[in-house]
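Inspection log for the structure reproduced underneath, given as structure tokens.
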Amino acid sequence: MARARNMKNSFMTMTPSPFFHLFSVSPFASMLFSPKRSPRNHHKNLTTKTIALFFISLLVTFTFLGISILNLITTYQDPPLPCSVVSPSSPFSQLPLHYSQVLLASLASTDSNNGDGDDHDEPRLGSSVLVPLPAHAVVGNLSEEEREFWEQPDGEGYKPCLDSSIGYRRKSAKISKEKRRFLVVVASGGLNQQRNQIVDAVVIARILEAALVVPVLQVNLIWGDESEFEDIFDVKYFKRTLQADVRVVSSLPSTHLMSRQTIENQLPYNVSPLWIRARFLKQLNEEGVLVLKGLDSKLSKNLPPDLQKLRCKVAFHALRFAAPIHELGNRLARRMWIEGPYVALHLRLEKDVWVRTGCLTGLGPEYDETIIKVRESQTEYLTGKLNMSHVQRRFAGLCPLTALEMARFLKALGAPGNARVYIAGGQPFGGHLGLQPFAAAFPNLVTKEMLAREGELSPYINRSSAMAAIDYIVSLNSDVFVPSHGGNMGRAMQGHRAYVGHRKHIRPNKRAMLPFFEDSSIFDTEFGSIMRKLHKKSHGQPEPRYNKRDRDVTAYPVPDCMCKHR
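Structure representation (structure tokens):
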């Protein structure tokens with residue numbers, strides 16, 4: 007670790023302690039090291055004044071000696087870790103544009119240098135987070151509702167704060183060098199579901215004090231994506247960022263390849279660190295290898311403070327996208343951003359979403375019948391609440407908002423009709439027809455395919471995780487982000503936008519708002535007023551996680567991973 011190495015260097019080049027020099031300047035030293043005098047001269051000079059001077063010198067010498075020893079002890083103590091601060095995006099909007107660009111350029115330069123530096127240097131957390139471009143200033147001839155729509159929330163001074171306890175840091179010296187016990191984790195699902203499992207994999211490795219093998223990404227059966235970890239994420243950077251917390255290795259050592267490898271895939275929900283140690287520690291000590299599958303949402307959301315901070319460190323710092331994806335995503339985001347403010351909309355209209363949620367598409371009986379047939383033939387894809395009808399599911403907030411519902415919702419919140427809207431997500435079921443109701447209200451629609459130049463997306467055809475990563479980067483840079491359905495992408499974006507300065511994130515309150523969608527007697531003006539009132543506190547302002555302890559810290563980083571700086 008950089009800190010440990012610096013301490014070692016400072017020890018080796020440390021100047022001699024001040025008390026060594028005291029012997030050359032004090033009267034006590036002169037008595038110890040001066041030439042012997044004749045007994046005759048000695049008796050003549052040994053006066054009361056000399057004796058007094060001797061004792062005063064002795065007292066001063068031992069005082070300096072004590073101070074020197076205390077300074078020496080302080081030198082060897084671990085210095086307190088500073089609060090890792092990432093400059094929030096909200097202050098950018100208060101700066102002239104050219105200042106913002108200079109600041110962002112310096113961040114990008116620092117980030118690049120960290121990525122290509124010494125393998126043993128841990129990246130500075132303040133520059134390792136993916137920081138979005140600054141939010142655009144609210145200017146122009148806008149109505150009050152439109153101005154309110156583009157306005158950024160008050161971050162209340164919260165900034166990232168990942169300082170760990172002394173006890174955690176003391177254990178790190180041993181854990182980060184672990185070579186006997188290894189944890190292997192298989193992550194399944196889409197990109198953001200896999201991210202969640204990777205975050206918890208790191209935490210579990212820390213709990214078990216085991217080395218973590220780079221997680222295995224299971225082949226996605228729905229999209230047929232065979233991407234491996236290094237295809238999506240920067241492996242080298244992942245290892246370096248976490249080197250003070252957990253040892254990460256690319257593969258099992260040859261000494262462990264023939265070890266008995268029991269695959270554990272039946273973990274209960276909400277397991278604690280105590281449960282994990284009681285269940286797996288003995289097995290890990292005996293076999294040397296532990297393989298875990300199906301980690302999604304299994305680890306408790308309420309962990310000790312140091313482990314919550316580790317979750318944030320993995321999610322917002324260590325899981326940086328692989329360089330080609332990172333660079334392409336940033337290029338597309340700049341092309342979108344340079345034209346002015348934009349909304350990123352995660353519109354979940356894909357075929358698999360309708361199959362899994364058990365909801366109707368809103369496209370008519372023909373399309374609904376297609377989804378019903380697929381759902382009946384693949385019942386394993388239907389997620390929870392099996393005894394509910396599609397109507398009950400919808401009013402319970404379990405269905406994605408349709409294209410028509412999203413159009414009404416955004417208009418009610420004050421989004422201008424000429425707003426540029428970036429559509430994140432896969433191909434809508436029904437193609438153009440699936441998107442048509444939204445396009446009629448907001449014609450300035452943009453997709454990554456429209457932003458990309460010829461050949462830029464070619465390496466990622468049929469690679470849904472890479473495409474989702476590009477959507478993630480462009481969405482993070484938007485002025486406003488709105489998901490049509492909760493899901494992993496919505497929660498990941500909510501947490502990341504909060505972490506970098508509480509960028510505006512509107513989370514539709516589907517349970518509260520859908521009854522008003524069904525009431526045809528409400529005029530548009532009143533409907534808009536109701537929607538804005540319902541979502542007044544859902545614009546991305548700080549929401550402390552302790553208000554609801556079952557929330558993910560990576561979606562609600564306040565106060566576990568963010569603190570107020572004076």
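Per our numbering, the very first residue in the sequence shown carries number 7; after that it's consecutive.
The beta carbon of each residue, even a glycine, is placed where N, CA and C say it ideally should be.
Nothing here was measured: the structure is a model prediction, and the numbers come from that model.
Item                                                                                                                       : Value
Pair within 7 Å by beta-carbon distance, F487 and M473                                                                     : no
Where H352 falls: helix, strand or coil (DSSP)                                                                             : strand
Close Cβ partners of Y562 (< 6 Å) along its chain, the five nearest in sequence each way excluded                          : E549 and R551
Rounded Cβ spacing between F415 and L407 (contact assumed at less than 8 Å)                                                : 7 Å
Bridge partners - K299, DSSP secondary structure assignment                                                                : V192
Extent of the continuous alpha helix (DSSP H) to which L209 belongs                                                        : This sequence places Val at residue 209; Leu is not what is there. Element bounds for V209: L197 to L214.
Per-residue DSSP class, three states only, for F487                                                                        : strand
Residues that DSSP places opposite P159 in a beta bridge                                                                   : For P159, which the question treats as bridged, DSSP gives no partner whatsoever.
Residue environment, V505, which counts as buried when at least 16 other CB atoms sit within 10 Å                          : Note that residue 505 is Tyr in the sequence shown here, rather than Val. Buried is the call here.
Limits of the unbroken alpha helix (DSSP H) element including R426                                                         : Per DSSP, R426 belongs to no alpha helix (DSSP H); it is in the beta strand (DSSP E), R426 to A430.
Collapsed DSSP secondary structure at P651 in the structure displayed                                                      : Missing from the structure shown is residue 651; the chain here goes from 7 to 572 and no further.
Residue range of the alpha helix (DSSP H) that includes A475                                                               : S470 to L482
Buried versus exposed, by CB contacts within 10 Å (16 or more), Q398                                                       : exposed
Backbone CA spacing between P565 and H502 [nearest angstrom]                                                               : 14 Å
Between the CA atoms of I204 and H511 - distance to the nearest angstrom                                                   : 24 Å
Beta-carbon contacts of V252 that lie in its chain and below 6 Å, excluding the five residues immediately before and after : V208, A211, R212 and L218
Top-ranked residue by Cα proximity to S194, from A409, E232 and L248                                                       : E232
N-terminal and C-terminal residue of the beta strand (DSSP E) that K183 is part of                                         : No beta strand (DSSP E) contains K183, which DSSP labels as neither H nor E.
Per DSSP, cross-strand counterpart(s) of H142                                                                              : Note: H142 sits in no beta bridge, so no partner.
Cβ neighbour criterion (16 or more within 10 Å) applied to R340                                                            : exposed
Limits of the alpha helix (DSSP H) - the one that A421 falls within                                                        : Segment: none, A421 is in no alpha helix (DSSP H) and carries neither H nor E.
Classification of P259 by the beta-carbon crowding that lies within 10 angstroms, buried from 16 upward                    : exposed
First and last residue of the uninterrupted beta strand (DSSP E) at A217                                                   : A217 to V219
Buried versus exposed call for R11 [16 or more other C-beta atoms within 10 Å across all chains shown]                     : Only weak support exists for where R11 lies, its pLDDT of 38 falling under 50; the value from the coordinates is given anyway. It counts as exposed.
Length of the line joining the Cα atoms of R469 and N483                                                                   : 22 Å
H571 burial status per 10 Å Cβ neighbour count (16 or more: buried)                                                        : exposed
Rounded C-alpha distance that separates K165 from C569                                                                     : 6 Å
Cutoff 8 Å; reference Y174; Cβ partners in own chain excluding five residues on either side                                : D312
Test item: CB-CB of A141 and Q158 under 7 Å                                                                                : yes
Alpha carbon of L451 to alpha carbon of Q272, nearest angstrom                                                             : 43 Å
Nearest candidate by alpha-carbon position, reference H396, set L280, G364 and G300                                        : G364
Nearest-angstrom Cα separation, counted from E270 out to R186                                                              : 19 Å
Reference R557; option with closest CA among T261, S303, E154 and E293                                                     : S303
Buried versus exposed, by CB contacts within 10 Å (16 or more), D160                                                       : exposed
Proximity below 7 Å, CB of A216 to CB of F188                                                                              : yes
Neighbourhood of V297 by C-beta distance below 6 Å, restricted to the same chain and skipping five residues each side      : V190, Q267 and I269
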